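Notes to accompany the following structure.
2 protein chains.
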Amino acid sequence: MGTKERRAREKEQLRRQILVAARELFVSEGYENVSMRKIANKIEYSPTTIYLYFKDKADLLDSVCKETLLNLLNTLEKLKNDKSDPVETLRRSGQAYVEFGLKYPQDYKLTFVIRPQFQKDLGLQEGSVGEKVFNYLREMVSECIQQKRFRHADVETTGQVLWSAVHGVTLLLIDFPDFPWTEKDKLIDTVIHTTIEGLKA
Amino acid sequence: MGTKERRAREKEQLRRQILVAARELFVSEGYENVSMRKIANKIEYSPTTIYLYFKDKADLLDSVCKETLLNLLNTLEKLKNDKSDPVETLRRSGQAYVEFGLKYPQDYKLTFVIRPQFQKDLGLQEGSVGEKVFNYLREMVSECIQQKRFRHADVETTGQVLWSAVHGVTLLLIDFPDFPWTEKDKLIDTVIHTTIEGLKA
DNA sequence: ATATAATATTAACACTGTAAAGTTAAATCA
DNA sequence: TGATTTAACTTTACAGTGTTAATATTATAT
Numbered sequence: 001m002g003t004k005e006r007r008a009r010e011k012e013q014l015r016r017q018i019l020v021a022a023r024e025l026f027v028s029e030g031y032e033n034v035s036m037r038k039i040a041n042k043i044e045y046s047p048t049t050i051y052l053y054f055k056d057k058a059d060l061l062d063s064v065c066k067e068t069l070l071n072l073l074n075t076l077e078k079l080k081n082d083k084s085d086p087v088e089t090l091r092r093s094g095q096a097y098v099e100f101g102l103k104y105p106q107d108y109k110l111t112f113v114i115r116p117q118f119q120k121d122l123g124l125q126e127g128s129v130g131e132k133v134f135n136y137l138r139e140m141v142s143e144c145i146q147q148k149r150f151r152h153a154d155v156e157t158t159g160q161v162l163w164s165a166v167h168g169v170t171l172l173l174i175d176f177p178d179f180p181w182t183e184k185d186k187l188i189d190t191v192i193h194t195t196i197e198g199l200k201a
Numbered sequence: 202m203g204t205k206e207r208r209a210r211e212k213e214q215l216r217r218q219i220l221v222a223a224r225e226l227f228v229s230e231g232y233e234n235v236s237m238r239k240i241a242n243k244i245e246y247s248p249t250t251i252y253l254y255f256k257d258k259a260d261l262l263d264s265v266c267k268e269t270l271l272n273l274l275n276t277l278e279k280l281k282n283d284k285s286d287p288v289e290t291l292r293r294s295g296q297a298y299v300e301f302g303l304k305y306p307q308d309y310k311l312t313f314v315i316r317p318q319f320q321k322d323l324g325l326q327e328g329s330v331g332e333k334v335f336n337y338l339r340e341m342v343s344e345c346i347q348q349k350r351f352r353h354a355d356v357e358t359t360g361q362v363l364w365s366a367v368h369g370v371t372l373l374l375i376d377f378p379d380f381p382w383t384e385k386d387k388l389i390d391t392v393i394h395t396t397i398e399g400l401k402a
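Chains as they are written, first to last, in the numbering used here: chain A, 1 to 201; chain B, 202 to 402.
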């Protein structure tokens, strides 16, 4: 009598189908330019079916963003095993963060800029994937501080400073592609290096 | 025969009225949630009248943002006279920048995040107000470099690093108001101080 | 007073997100 | 098996969107 399980599996499958279609459209056309009807067309269901799986369009966005955060977390966690120099690991984490943002610019913007606009106070509350990402940063920073590599001993502030730097450069590069930036990799490098040096000094 | 002038003045007046109404609504309700009809209602004209003064909704946003950039530029220029320590002036400029962003968070987001989404390549091209703002930053940085206060001699990269830092912290504070940030002023201070120290070291 | 130009409005189109009601197919129970 | 409940999906509908074209109104110039 596994019909219930099969049904549940099928339901989950359609949910994923919707999610995949939504992400593809959000990324290629921008959240605002994607209608529920477009998503529905893509998966060949009626528009209102989506509402059986997601509360509304913002909820759909929310789910897409949670996935993105999970991907980011996975990308970062891979660097954790690097047991060499904690400052070097931190530097590489910063680089991986920006790289991730530039590899999936629209996903990054959806998650860190568009979503907060639609889900006012939801963002990084306890237990969320977003919090886990920041916890990763906390760990990295903590290691550096324990080894007395940084001037200040405040894990929170230090982490927030680093996040500001990488978030800032990521968004600028995404949003103003025509600005006469310094060669991209050099700029990213300099941003991270400068911040870390500033923390040491 | 100053009727022509009067007419032009009246036209300019209505243009401003539209602009003011649009900004108020964009700021209080968010660009996406403001319809041309809402703006029209507010100024007590028919919706289509707006199209005699602005090409479309994106153009209206564009004009609002240009104003914001002008305000930002004015705010910054006031600090220019400060002929004391160029590094100190730079620090204060950074603070003023973030303060401006937090004082008018919605305007800041409209200008630096929403607008680029709607006006793809328009942003900081030659002669634009946006470029003037970055030129201000160039001047400040240049002064520091001339006085050999910074490690590198690259005005462009140095400016971009600073911009990344302040842009990043501004947006994070705006977008994630519920995150357990370090006390706001302390965080801003640390971000700017850290970056500048990193540039010196 | 009439013609001309400038300005504003009305009506319409093809869309939007989403709620309510209706339909169909599958699972359960008699 | 046949009736009934349940789950999944669709149709219809509403109020609202940006924007265009055609029309109307008003103020100026002749």
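The beta-carbon is built from N, C-alpha and C at its ideal position, and this holds for glycine as well. These figures come from a predicted structure and were not determined experimentally.
8 Å Cβ cutoff met for residue i and residue j
i: T312 of chain B; j: L338 of chain B; result: no
i: G168 of chain A; j: H368 of chain B; result: yes
i: I375 of chain B; j: P306 of chain B; result: yes
i: V113 of chain A; j: L72 of chain A; result: no
i: V288 of chain B; j: I397 of chain B; result: yes
i: Q320 of chain B; j: D263 of chain B; result: yes
i: K66 of chain A; j: V155 of chain A; result: no
i: Y45 of chain A; j: R15 of chain A; result: no
i: A165 of chain A; j: A366 of chain B; result: yes
i: V362 of chain B; j: T194 of chain A; result: yes
i: T290 of chain B; j: D283 of chain B; result: yes
i: L373 of chain B; j: W163 of chain A; result: yes
Run of the alpha helix (DSSP H) containing residue i, from where it starts to where it stops
i: G369 of chain B; result: V356 to D376
i: Q117 of chain A; result: R115 to F118
i: Q348 of chain B; result: Segment: none, Q348 of chain B is in no alpha helix (DSSP H) and carries neither H nor E.
i: P287 of chain B; result: P287 to K304
i: E398 of chain B; result: K385 to K401
i: N242 of chain B; result: M237 to I244
i: T269 of chain B; result: K258 to E278
Buried versus exposed, by CB contacts within 10 Å (16 or more), residue i
i: L220 of chain B; result: buried
i: Q146 of chain A; result: exposed
i: K109 of chain A; result: buried
i: R115 of chain A; result: buried
i: M1 of chain A; result: Since pLDDT at M1 of chain A reaches only 48, below the 50 mark, its modelled position is unreliable, and the value read off the structure follows with that caveat. So M1 of chain A ends up on the exposed side.
i: A209 of chain B; result: exposed
i: S294 of chain B; result: buried
i: D185 of chain A; result: exposed
i: T391 of chain B; result: buried
Contact set for residue i: own chain, Cβ-Cβ below 7 Å, skip 5 residues either direction
i: F351 of chain B; result: C345, T359, L400 and K401
i: A21 of chain A; result: I39, K42 and I43
i: V202 of chain A; result: Nothing about residue 202 of chain A can be read from this structure; chain A reaches only from 1 to 201.
i: A354 of chain B; result: I346
i: P378 of chain B; result: none
i: V98 of chain A; result: V166, V169, T170 and I188
i: D107 of chain A; result: V27 and T68
i: V34 of chain A; result: L25 and F26
i: E29 of chain A; result: none
Cβ of residue i within 8 Å of any chain B Cβ
i: A165 of chain A; result: yes
i: F112 of chain A; result: yes
i: P105 of chain A; result: no
i: G30 of chain A; result: yes
i: T68 of chain A; result: no
i: G198 of chain A; result: yes
i: P229 of chain A; result: This structure cannot settle anything about residue 229 of chain A, because the visible part of chain A is limited to 1 through 201.
i: T75 of chain A; result: no
i: T89 of chain A; result: no
i: M1 of chain A; result: Interpretation of M1 of chain A is limited by its pLDDT of 48, a score under 50 that renders its predicted location unreliable; no figure is taken from the coordinates.
i: L187 of chain A; result: yes
Minimum Cβ-Cβ distance from residue i to chain A less than 8 Å
i: F377 of chain B; result: yes
i: F301 of chain B; result: no
i: V370 of chain B; result: yes
i: P287 of chain B; result: no
i: E357 of chain B; result: yes
i: T383 of chain B; result: yes
i: A222 of chain B; result: no
i: Q361 of chain B; result: yes
i: V392 of chain B; result: yes
i: A402 of chain B; result: yes
i: L373 of chain B; result: yes
i: T249 of chain B; result: no
Proximal residues to residue i (C-beta, below 8 Å), its chain only, five neighbours per side dropped
i: Y31 of chain A; result: L61, L110 and I114
i: A58 of chain A; result: F118 and Q119
i: Q218 of chain B; result: I244
i: R37 of chain A; result: P47
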